[in-house]
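K.L.:
Just passing along the structure, written as structure tokens.
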Amino acid sequence: MKSVEIVVNGVERRAQVEPRMLLVHFLRDVDGLTGTHIGCETSLCGACTVLLDGRAVKSCTVLAVQADGHAVTTIEALATQGQLHPLQESFWEEHALQCGFCTPGMILCANDLLARNAAPSDEEIRKGISGNLCRCTGYQNIVGAVKSASRKMTRRAAAVAGKK
Amino acid sequence: MAIATKSKSNGKPGANGGNGAAVPGGRWVGQRFKRKEDPRLIQGISHYVGDLRLPDLLHCVFVRSPHANARLLSVDVEAARTSPDVVMVVTHAEVAAIGCVPCAGSLPGLKIPNHYVLAKDQVRYVGEPVVAIVAEDPYAARDAADLVAIEYDPLPAVVDMERALHMSSALVHEQFKTNLAFTHVIKNDDVDAAFKRADCVVKQRLINQRLAPIAMETRGVVAQYLPGEKQLTVWSSTQIPHLLRTQISLMLGLPETSVRVIAPEVGGGFGSKLNVYGEEAIVPWLAMKLGKPVKWTETRGENIAATIHGRDQINDVELALKKDGTILGMRTRVLADLGAYHQLLTPIIATLTGLMSTGCYKIPAIEFEVLGVFTNKMSTDAYRGAGRPEATYLIERMIDVAARELEMDPAEIRRRNFPKPTEFPYTVATGLVYDSGNYQRSLKRALDLAGYDKLRARQKAARKQGKYYGIGLSTYVEICAMGPSAAMPAGGWESGTVRIEPTGKITALTGASPHGQGQETTFAQMIADLLGISPDDINVVHGDTAVVPYGIGTFGSRGTAVGGTALYVATEKLKKKMAAIAAHLLGGKPEQIEFRDGRIGAKGSKKSLAFGEVVGAAYAAKSLPAGVEPGLDATHFFEPSNFTFPFGAHVISCEVDIETGEIKFDKYIAVDDCGNVINPMLVEGQIHGGIVQGMAQALYEEVIYNSDGQLVTGTLMDYALPRAADIPELTLERTCTPSPVNPMGVKGVGEAGTIGCTPAIVNAVCDALAPLGVRHIDMPLKPERVWRAVHESNISHSDKEARAAAVLRVAAAAKGARRTTTGRRA
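Just so you know, the protein sequences line up as chains Z and C, in that order.
FYI, in the working numbering the residues of the first sequence are 262 to 425.
FYI, in the working numbering the residues of the second sequence are 15 to 840.
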């Protein structure tokens with residue numbers, strides 16, 4: 262067993278884990294955060310995408326011990342102060358989900374994309390989310406939702422800058 | 015944390031606001047209303063089976079066969095039993111009392127092998143479960159699985175369904191002395207005469223490859239037994255909780271009243287969860303034996319190997335036509351690869367292909383023969399479309415093959431054979447009665463949107479420049495709203511219960527348990543319009559057999575047309591009762607009462623009561639009209655009088671790079687007609703997703719077993735699902751031809767995209783390559799396959815290419831000799 266300290270959604274979590282324990286199992290089974298889903302355990306589907314120090318990773322291919330001393334953000338922490346994140350709002354408004362299983366991973370992957378490229382083109386969005394599979398939506402509304410969120414975030418950032 | 019999830023402007027109220035009718039243009043029906051399901055899903059706070067946490071939960075894993083066909087010589091589980099944290103290990107011997115996996119399909123002469131939940135004496139496909147292990151920790155269970163020692167005696171595998179019918183073939187089930195599970199024929203008398211009369215007969219062999227449904231959530235089961243209460247609760251990722259409860263009770267020998275099945279959040283199904291699997295009986299059995307809850311979550315590897323597959327047919331089709339393109343008759347022979355055992359609907363899928371094989375055309379004479387064949391593979395069963403994509407593919411490809419033969423425009427030959435809109439309800443040669451249709455209108459709209467004439471001009475210009483640009487059409491019709499009970503193995507009705515609670519909030523219970531379709535939203539929109547209230551006041555509940563009256567489930571595009579209609583009628587029953595109470599309180603006649611904007615009163619009168627006042631009166635029961643019972647609760651079991659037949663036209667244009675075999679899409683236009691629509695946003699979502707699953711078959715996906723029966727596409731690395739960057743932008747439009755079969759005029763839309771898409775793509779690519787003499791390419795149209803078709807058909811292109819093609823042909827012949835040289839028939 263190995264002792265780890267991982268900051269999950271802003272809260273420090275200490276636990277004794279087997280060295281082979283996957284980060285996704287740590288999040289779901291040790292921390293009880295089941296919003297992160299497991300779709301393939303081989304990093305091909307992206308359902309388990311979380312943010313590790315702000316960057317999207319597939320948590321089925323990261324060991325819990327590798328996350329020791331790092332910060333993880335899961336879908337449960339994306340909404341803040343009672344407000345949905347613009348990506349969550351846009352996914353809802355644009356009907357970018359059906360069964361919802363891929364949605365947490367897809368939203369966190371898109372979050373990473375928008376952090377690197379605030380105003381991506383359709384093609385850049387499609388490429389950017391290509392590590393995440395969705396079987397229900399055919400992707401079109403996901404592309405629309407990411408685009409809409411990017412506009413919202415740009416607008417809101419401008420409004421905040423204006424206030425300052 | 016509480017999140018504000020009420021939307022500010024959810025659906026613009028329609029023109030005919032709250033007039034008490036659930037038709038498009040109502041206050042809610044027809045609006046792009048945001049889904050009620052989504053707040054929990056976008057925040058990761060919903061509960062799929064794998065998310066359930068129960069005290070003392072144990073974890074189950076399965077050891078599965080690595081062989082396609084082998085005798086089990088010995089199964090040594092001792093080391094696994096003594097492995098740390100392991101609490102139980104079972105083989106067939108221990109679970110022999112569990113009944114076989116059920117098959118609901120009945121056809122005359124159908125051979126049904128025993129399908130044990132754990133293999134007995136012999137394994138017959140890669141992935142067949144042999145041993146179940148339960149441990150306190152999932153990692154410990156997996157460790158123990160590695161310690162199970164099974165000695166197999168491998169037998170020759172039956173892989174190719176044509177060879178399987180040869181006398182010399184190995185057998186999947188020795189006792190049947192044949193691999194032919196059934197023969198099914200649909201025929202009307204004048205087929206031979208039609209072919210004799212024909213000016214032109216076109217023949218083509220079409221392969222509809224095996225696919226894996228791949229719901230993003232794999233299957234999973236959690237079971238808990240309370241011995242004092244004698245209550246078994248099974249949480250399963252299923253599309254059919256009630257049917258599953260019945261089958262679990264039969265398999266385990268429990269009274270059905272002791273079994274409760276809950277389908278919590280279900281992460282996609284596409285037909286793969288319209289089934290009863292062995293694991294759904296073993297896991298409850300283990301929970302009962304151990305007195306603790308047990309959980310099993312399917313891995314993706316298990317999902318590809320041991321969850322049902324779809325399609326897998328070889329279609330030999332002949333079409334007889336007159337010179338002017340009029341179709342006189344069709345002969346089809348289908349080989350259907352069933353896999354090793356029957357799952358719930360395995361044998362009947364290809365019979366649906368037969369029923370729909372005339373498509374949207376007047377084909378007076380048909381002969382359709384299906385041969386169901388056992389092979390050493392996973393069972394095929396219902397996968398999005400279930401037999402109808404195969405039907406649409408075969409007729410839509412044949413129409414194009416015929417058009418080319420007759421040098422006709424593919425749009426013109428289609429129009430020539432459509433029934434007129436005035437001919438509906440239209441009886442086709444297979445005996446089905448198509449409810450309503452206007453195929454001319456959807457095709458015209460699709461061609462207009464695509465700019466068909468301009469696309470043809472562009473094609474002409476491209477060809478002059480040595481470019482290969484193609485246009486593909488598909489005009490499909492599908493059979494939905496499954497279905498009248500007479501045509502369904504386990505009843506085709508659906509239940510709906512509407513309960514208006516004393517506070518005026520509404521609980522609607524539906525047997526049509528959804529898995530992503532959004533019925534919590536659409537059913538609320540519908541009921542809201544009928545009662546003149548807000549969808550926010552309606553909670554649609556599903557997926558729990560202890561709460562919801564017996565129902566059938568969500569599949570076959572039946573949710574809205576059958577399940578929705580059940581709720582519609584139940585709501586109408588309550589309206590009648592409330593109208594009687596309101597008329598009694600206000601004075602006047604119940605027939606004059608209307609429900610509008612949260613008030614109930616006589617039409618044209620200023621006197622009215624708040625919705626809640628009438629509800630209160632029904633529960634207080636102090637002043638009810640004579641003969642009216644207290645309370646507001648109504649159930650309806652809706653039995654549809656017919657199927658519905660949605661239809662549409664898809665037009666695609668693309669350019670094929672003959673050097674690389676790559677296909678570049680230009681336009682994708684889909685004009686679908688699913689009758690009246692409750693929520694256009696959700697309908698579009700279904701069509702988007704459906705089309706991409708159709709594209710997946712046309713372009714990428716194929717379950718491949720090698721000649722030993724080994725599954726070589728067992729991961730998502732090898733089984734190629736489309737990704738966002740692979741998919742072009744889709745342009746959708748709808749025409750609306752309401753169905754006369756149900757009061758809302760709805761038809762169903764869950765499978766339309768998948769059914770309409772595939773032939774359009776293959777037609778487009780074959781159209782692009784027509785100048786090279788390419789007549790047909792089998793799916794999936796991978797670049798390598800397209801390149802090969804181009805080069806094999808055009809070996810005189812240049813010496814260099816001729817040599818390359820010849821080399822390929824030799825290689826292909828050596829590799830494929832086994833597959834291609836056998837005769838057509840056993």
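Just so it is clear, CB atoms sit at the ideal spot from N, CA and C, and this is done for glycine as well.
Using beta carbons (cut-off 8 Å, strictly below), is I322 of chain C in contact with chain Z?
P.N.:
It does not: the Cβ of I322 of chain C has no partner Cβ on chain Z nearer than 8 Å.
K.L.:
Counting only C-beta atoms, is L55 of chain C closer than 8 Å to chain Z at any point?
P.N.:
Yes, L55 of chain C counts as interfacial toward chain Z.
K.L.:
Can you round the beta-carbon distance between E354 of chain Z and K48 of chain C to whole angstroms, since I take them to be within the 8 Å contact cut?
P.N.:
Yes, E354 of chain Z and K48 of chain C are in contact; Cβ-Cβ is about 6 Å, under 8 Å.
K.L.:
Measure the Cβ-Cβ separation of F284 of chain C and P227 of chain C and say whether it is below 8 Å.
P.N.:
Going by C-beta atoms, F284 of chain C is nearer than 8 Å to P227 of chain C.
K.L.:
Could you tell me the alpha carbon to alpha carbon distance between T521 of chain C and V205 of chain C, rounded to whole angstroms?
P.N.:
If you take the alpha carbons of T521 of chain C and V205 of chain C, they lie about 54 Å apart.
K.L.:
State the start and end residues of the unbroken beta strand (DSSP E) segment that holds L333 of chain C.
P.N.:
Note, L333 of chain C: beta strand (DSSP E), 324 to 335.
K.L.:
Between the stretch 323 to 348 of chain Z and chain C, which residues of the former have CB atoms less than 8 Å from a CB of the latter, in chain order?
P.N.:
Hits within the stretch, in order: T335, I336, E337, L339, A340, G343, Q344, L345.
K.L.:
Look at the alpha carbon of P127 of chain C and the alpha carbon of I362 of chain C, and state the distance between them as a whole number of angstroms.
P.N.:
Between P127 of chain C and I362 of chain C, the C-alpha separation is close to 16 Å.
K.L.:
How many whole angstroms separate the CB atoms of L394 of chain Z and R737 of chain C, which I take to be in contact at a CB cut-off of 8 Å?
P.N.:
About 7 Å; that satisfies the 8 Å criterion.
K.L.:
Do you know whose CA, among C:P98, C:P116, C:R78, C:Q253, lies nearest K106 of chain C's CA?
P.N.:
In the sequence as displayed, the identity of residue 106 of chain C is His instead of Lys. The candidate whose alpha carbon is nearest that of H106 of chain C is C:R78.
K.L.:
For my contact list, L744 of chain C and Q401 of chain Z are in at a C-beta cut-off of 8 Å; report their separation, rounded to the angstrom.
P.N.:
Their Cβ separation, rounded to whole angstroms, is 6 Å, which keeps L744 of chain C and Q401 of chain Z in contact under 8 Å.
K.L.:
How about I228 of chain C: is its C-beta nearer than 8 Å to some C-beta of chain Z?
P.N.:
For I228 of chain C, the answer is yes, since a Cβ of chain Z falls inside 8 Å of its Cβ.
K.L.:
Are any of the Cβ atoms in chain C nearer than 8 Å to that of C370 of chain Z?
P.N.:
Not an interface residue.
K.L.:
Residues of chain C with CB under 7 Å from A308 of chain Z, in chain order?
P.N.:
In chain order: M230.
K.L.:
Step through the CB atoms of chain C and report whether any lies within less than 8 Å of the CB of S391 of chain Z.
P.N.:
Answer yes: the Cβ-Cβ gap between S391 of chain Z and chain C drops below 8 Å somewhere.
K.L.:
From E841 of chain C to A229 of chain C, what does the alpha carbon distance come to, in whole angstroms?
P.N.:
The first residue shown for chain C is 15 and the last is 840, placing residue 841 of chain C beyond what the model contains.
K.L.:
Mind checking if D203 of chain C is an interface residue toward chain B, Cβ cutoff 8 Å exclusive?
P.N.:
Among the protein chains of the structure shown, namely Z and C, there is no chain B.
K.L.:
Look at the alpha carbon of T197 of chain C and the alpha carbon of N378 of chain Z, and state the distance between them as a whole number of angstroms.
P.N.:
Taking the straight line from one Cα to the other gives about 59 Å.
K.L.:
Give every residue of the same chain whose Cβ lies closer than 6 Å to the Cβ of K424 of chain Z, excluding the five residues on either side of it in the sequence, and list them in chain order.
P.N.:
Within the same chain, K424 of chain Z has no close Cβ partners at all.
K.L.:
Would you mind reading off the limits of the alpha helix (DSSP H) that contains R417 of chain Z?
P.N.:
Start and end: 401 to 424.
K.L.:
Tell me the DSSP secondary structure of S60 of chain C in three-state form.
P.N.:
The answer is coil: DSSP assigns S60 of chain C none of H, G, I, E or B.
K.L.:
Under 8 Å, Cβ to Cβ, is there at least one residue of chain Z near M731 of chain C?
P.N.:
Chain Z contact via Cβ: present.
K.L.:
Going by alpha carbons, who is nearest to R513 of chain C out of C:M392, C:P644, C:G567?
P.N.:
When only C-alpha atoms are compared, the closest one is C:P644.
K.L.:
If you draw a straight line from the C-alpha of V103 of chain C to the C-alpha of I322 of chain C, how long is it?
P.N.:
So the alpha carbons of these two residues sit roughly 25 Å apart.
K.L.:
Using a cut-off of 8 Å between C-beta atoms, extract the partners of T303 of chain Z located in chain C.
P.N.:
Ordered by position in chain C, the residues that pass the 8 Å Cβ test against T303 of chain Z are R314, T729, L730, M731.
K.L.:
Can you have a look at V186 of chain C and say buried or exposed, based on whether 16 or more other CB atoms are within 10 angstroms of its CB?
P.N.:
The residue in question, V186 of chain C, is buried, as its Cβ has 16 or more Cβ neighbours within 10 Å.
K.L.:
Measuring alpha carbon to alpha carbon, tell me which of Z:S391, Z:I386, Z:C309 ends up nearest V261 of chain Z.
P.N.:
Past the edges of chain Z, shown from 262 to 425, lies residue 261 of chain Z, and the structure says nothing about it.
K.L.:
What did DSSP end up calling P298 of chain C once you bin it into helix, strand or coil?
P.N.:
Residue state, collapsed to three classes: helix.
K.L.:
Which term fits T674 of chain C, buried or exposed, when burial requires 16 or more other beta carbons within 10 angstroms of its beta carbon?
P.N.:
Per the 10 Å Cβ criterion, exposed.
K.L.:
Between which two residues does the alpha helix (DSSP H) containing C771 of chain C stretch?
P.N.:
Here the alpha helix (DSSP H) through C771 of chain C covers 766 to 782.
K.L.:
Report yes or no: is there a C-beta of chain C within less than 8 Å of the C-beta of N378 of chain Z?
P.N.:
With 8 Å as the cut-off, N378 of chain Z does not count as an interface residue toward chain C.
K.L.:
From the DSSP output, read off the bridge partner residues of I221 of chain C.
P.N.:
DSSP lists C:I328 as partners of I221 of chain C.
K.L.:
Is it buried or exposed, V670 of chain C, if we count other Cβ atoms within 10 angstroms and call 16 or more buried?
P.N.:
That one is buried.
K.L.:
Leaving out five residues before and five after R259 of chain C in sequence, what residues of the same chain have Cβ atoms less than 6 Å from its Cβ?
P.N.:
V273, V275, T559.
K.L.:
Would you say I769 of chain C lies against chain Z (beta-carbon separation less than 8 Å)?
P.N.:
So, not an interface residue.
K.L.:
Taking any Cβ of chain Z, which residues in the stretch 700 to 713 of chain C have a Cβ under 7 Å from it, in chain order?
P.N.:
Cβ contacts with chain Z come from H702, G703, I705, V706.
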